[in-house]
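Notes follow once the structure below has been shown.
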Amino acid sequence: MGTTNAIEGKREGKKRSCLQRSPAVLVSCRGLDGENNVLAVGYCCNCSFDPPMVMVGIVPTRYSYKLIKESGCFVVNLVDSHYQDTFDYLGSHSKRDGDKLAEKNVRLLDGKAVNAPILPDCPVNIECTIVDSIVTGSHEMFIGKIEYVHADEAITDEEGKIDFSQINFL
Ligand SMILES: Cc1cc2nc3c(=O)[nH]c(=O)nc-3n(C[C@H](O)[C@H](O)[C@H](O)COP(=O)(O)O)c2cc1C
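So this is what it looks like as structure tokens:
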């Protein structure tokens, strides 16, 4: 911190997580034995337009990590403000320590294209198959090919175009 050759009016900023704001999403997953889990993820972005792909960064110590790794798929659920309390809980409690999904009455439905659950109470659910991953450092970035997108009818036109301005993101 603090350099002698700083540009006038600037100082050196911290390097970690400096792409802000990043979307707050809930990633849902299912292990090979059928166990479901959900965790909050801030390391999430689009990474290919064609074919459509997104990636999520998961720390290997997360309970969800093994489930995602062994199943080869995950679901990205966009979260709106009515789900803030559940988001905070799922992002601060590990399934390793208790059934956080039951504690918060998290509703799950089977995905349509992949063997992982979707969160129907979130407005958009993006089902992905993992096509690659990169260990970048603290996180393993899982690259997911988008197989199917569920979007609430109220925010989607007949052709499936989603009006993201109607989602009150966290
Ligand atoms: C706002 C927010 C963003 C988070 N982003 C990530 C992330 O990008 N990757 C990750 O592995 N954990 C992230 N976490 C932490 C996990 O959600 C948290 O450790 C969770 O309890 C893991 O659950 P699990 O052990 O049941 O998988 C985030 C938490 C919060 C609150």
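Positions 323 to 492 (my numbering) are the ones given, in order, by the sequence shown.
Even glycine gets a Cβ: it sits at the ideal position worked out from N, Cα and C.
From a predicted model like this one, the values you see are computed outputs, not experimental measurements.
Q. Short check: CB of Val378 to CB of Cys366, under 8 Å?
A. Position 56 of the sequence shown holds residue 378. Position 44 of the sequence shown holds residue 366. Their beta carbons are under 8 Å apart, which means Val378 touches Cys366 by this criterion.
Q.
Whole angstroms are fine: how far does the CA of Tyr387 sit from the CA of Ser487?
A. Position 165 of the sequence shown, counted from the first residue, corresponds to residue 487. Position 65 of the sequence shown, counted from the first residue, corresponds to residue 387. Going from the Cα of Ser487 to the Cα of Tyr387 covers about 31 Å.
**Q.** Backbone CA spacing between Leu361 and Lys483 [nearest angstrom]
**A.** Counting from one through the sequence shown, the residue named residue 361 turns up at place 39. Counting from one through the sequence shown, the residue named residue 483 turns up at place 161. Each residue's CA atom was taken as its position, placing Leu361 and Lys483 some 27 Å apart.
(Q) Please tell me whether, using a cut-off of 7 Å, the distance from the CB of Ser414 to the nearest non-hydrogen atom of ligand 1 is below it. (A) Counting from one through the sequence shown, the residue named residue 414 turns up at place 92. A heavy atom of ligand 1 is found nearer than 7 Å to the CB of Ser414.
Q | Rounded straight-line distance, which links the Cα of Asp355 to that of Asp402 | A | Locating residue 402 in the sequence shown gives position 80, where the first residue counts as 1. Locating residue 355 in the sequence shown gives position 33, where the first residue counts as 1. Using only the alpha carbons, I get a separation of about 30 Å.
Q) Within the present structure, is the beta-carbon of Leu361 separated from the nearest heavy atom of ligand 1 by less than 7 Å? A) The count along the sequence shown starts at 1 and reaches residue 361 at position 39. True, at least one ligand heavy atom lies under 7 Å from that Cβ.
Q | Contacting residues, own chain, Cβ-Cβ under 8 Å from Asn437 (five flanking each side not counted) | A | Here residue 437 is taken as the residue at index 115 of the sequence shown, counted from 1. Within the same chain, Asn437 has close Cβ partners Arg352, Ser393 and Cys395.
**Q.** Range covered by the beta strand (DSSP E) that runs through Phe396
**A.** As a working mapping, residue 396 is identified with position 74 in the sequence shown. For Phe396, the enclosing beta strand (DSSP E) starts and ends at Cys395 to Leu400.
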